[in-house]
Structure formats: C-alpha cells, structure tokens
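Notes follow once the structure below has been shown.
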Amino acid sequence: MVISRRDALRLAALGTAGVLSAAGEARAAAKVRIGVLKFGTVSWELDTLKHHRFDAANGIDLEIVYFAGEDATNVAMLAGEIDIIVSDWLWVSRQRSEGGDLTLAPYSTAVGAIMVREESPVLTIADLKQKKIGVAGGPLDKSWLLIQALASRDHGLDLATSNEGVYGAPPLLSEKAMQGELDAVLNFWHFCARLEANGFRRLVGADEVARALGASGAVSALGYVFHEKWADENPDAAKGFIKASTEAKSLLARSDAEWLRLAPIVRAEGAELEKLRDRYREGIPARPVTEEEADAGKLYQVLAKIGGEKLVGRALEMAPGTFWAGLSR
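Position 267 (the sequence shown) corresponds to 281 in our numbering; numbering is contiguous.
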C-alpha cells in the first residue's frame, strides 16, 4: 500500500497531536500522597482504586505511602509530608480546637463490637457485670467510652470499675478470646468480623450504642483527613480523590469477584472473607455529610463528659469544620 506525502504528513500530525494530548493528560494528573498503615483495611480500598485506575480517571495520580503506625502517619500529616491520612473525627476536632486546619471526609461507618462466644450466657450489656473484658484501643477508645456511657445510663453499671479490663493489641485480644481467656472482647470491626466467622456473636455494636445515645444514623468512625488549606488550594485534586474513593467503594459494594481478587491482601478466604466483605459493605457511608456531622457533634458531648480533657482537650463541643464543608458544596 502506497501512502501519499499528504497522507503521511496528516498521519504524522495526528500522531503528534496524540502525543501532545497524552502529555497534557499526564500534566493534568495532580499528585496526591496518602499515608496509610501497611496492613490496614484502608489498603483494600486503595488497592482497588489503583488496580482499576480510578485515580487517573478522576484526574489524580495517587501515591500510597506506607507507615508502621498511626502516630507516624499523624506526624507526617502535621509536618506536611503527605496530603491525606485516615483518622477519626475526635482527633481532627482536637487539632482544630487547638488552632489547626485539619478536616475530614467520611471513609467508613464500620465500628467495633463487644463479641462473645455463641454459647456464652452473656446476652445483654447488664450481663457483663464482673466479667473479664478485653478492650482494643486502650481505656480512651471511643467505642469503649460510649458503651460505658450506655451501661451507666441504662443499667447503673460502671464497667470501668466493676470489671477486669484487659487492654492490648487487637490480634492478641482476639487470640485470647478464641482461647477462652476472656468473657468478652471489644475489638475493631475487622477483628470482630473474623471472630464472627469463627464461633462468636455480636453482643452489642458501637453503632447500636451510638444510636441509643442520640445519633439518628450511622456515623463514620474514620475519615480521610487533610488540611483545609490544601483542599482550598487544590480543589480538583481533593474532589478527584473523593470521587475515586467513591468509585472504589461502589465496586467493592457490588462485586464479589473483586473481593476474591483482594483475598491475598485481606488474608482471608471462605466464610471469613465473606464476613469481612459484608461488614465492609455495611460500613460504606450513605448519608449526607451534614447529618453525620450533626450526630458526631452529639456523640462528642457524651465522649467529652466521660473521657474528659485527656480525650478531647479543653473543647466542650466538636470544632466547626471537622467535617469538610466542600462535600456539601
């Protein structure tokens, strides 16, 4: 086939235009750095996001930076070394009340629960009196504080003094529960899901407790946290990330095949993988951010009363702007 000089020039021009277009797209993709724990549940969503190039589809180039612990991610965020981390609204509110500009977009409403063996005689919170309870997250864990508040209000029970509390790392507490060394365990949601697949049942979830204490619906325990100044200066990048996250969640909500692909990362299979999948899906935020913010404010007051200055600092109310206003614009 013979190509005329005119056609050759036209094809060359089209090729050049394609290269320039691709280069333009590459330049348009804003770099966004997110810091997460290497083996945290957030990695499941981020792996989905990167695998399906939801970041590129929304005009960003997401760089995942792994950290060994939560404190390290917090320090990196405050130092401006990364753009986004995952943390809770209590920490964000405290930073804002002390002059910072952190804000968050809801990530997950999945929360922990008090777990007991299927055959356990413990059927209500009142039955926990004088029982040995494992608590992940420490004495100031917000789920533990909310459960204490409900036990005190509804049953006149002071769980902090009437029980033997065992504080420790989540995997260790799950192991102790499996071995029968604990009567009950309050653990993070994904450890609870694994226990559910291995002969345990939920006595009471922190989400149920939150509703009993005044929340009108599910409140995100964790959110994607970033500086408000960064979001104001990079609105397309901030909203592009939120859209990419939403698309990843949407895929994980509807595709069982995607969970099978993630199985090596989740480190689960069979009934355990299915339970983790189902609990993750239940935790996908579905309410307007203004509603979540209002309910978080109610829970903040309960937590401030029982946790005091050690938990929230001197602020008696949740700081305005804790939830990113850009989500409702």
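Backbone N, C-alpha and C fix where the C-beta goes; we use that ideal spot for every residue, glycine too.
Counting C-beta pairs with one atom in each stretch, the region 81-98 and the region 197-206 have fewer than three that are closer than 8 Å, which means they do not touch.
Ile139 places its beta carbon less than 7 Å from that of Val218. The alpha helix (DSSP H) runs lying completely inside the region 171-218 and spanning 4 residues or more are 173-176, 184-192 and 203-210, given in chain order. The closest CA to that of Glu272, considering only Ile48, Phe53, Arg108 and Leu60, is found on Leu60.
When the five nearest sequence neighbours on each side are left out, the beta carbons in the same chain lying within less than 7 Å of the beta carbon of Gly327 are those of Arg108, Ser111 and Glu112, in order along the chain.
In the DSSP assignment, the residues bridged to Glu77 are Arg47. Residue burial is scored here from C-beta neighbours: Pro299 has at least 16 other C-beta atoms within 10 angstroms and is therefore classed as buried.
In this structure Leu63 is in contact with Ala258, their Cβ atoms being roughly 5 Å apart against a cut-off of 8 Å.
The beta carbons of Arg295 and Ala267 sit closer together than 7 Å. At a Cβ-Cβ threshold of 7 Å, Ile99 and Gly254 do not count as neighbours. By the neighbour-count criterion, in which a residue is buried when 16 or more other Cβ atoms sit within 10 angstroms of its Cβ, Ser230 is exposed. Distance from the CA of Val46 to the CA of Glu247, rounded to the nearest whole angstrom, comes to 13 Å.
Val130 and Gly94 have their C-alpha atoms spaced approximately 42 Å apart. Residue pairing for Val89: DSSP places it in no beta bridge. Ranking Asp168, Ile147 and Leu154 by CA distance to the CA of Glu195 puts Ile147 first. For Arg131, the pairing in a beta bridge is given by DSSP as Phe214.
Counted as a single uninterrupted DSSP element, the beta strand (DSSP E) harbouring Pro120 occupies residues Leu116 to Ser122.
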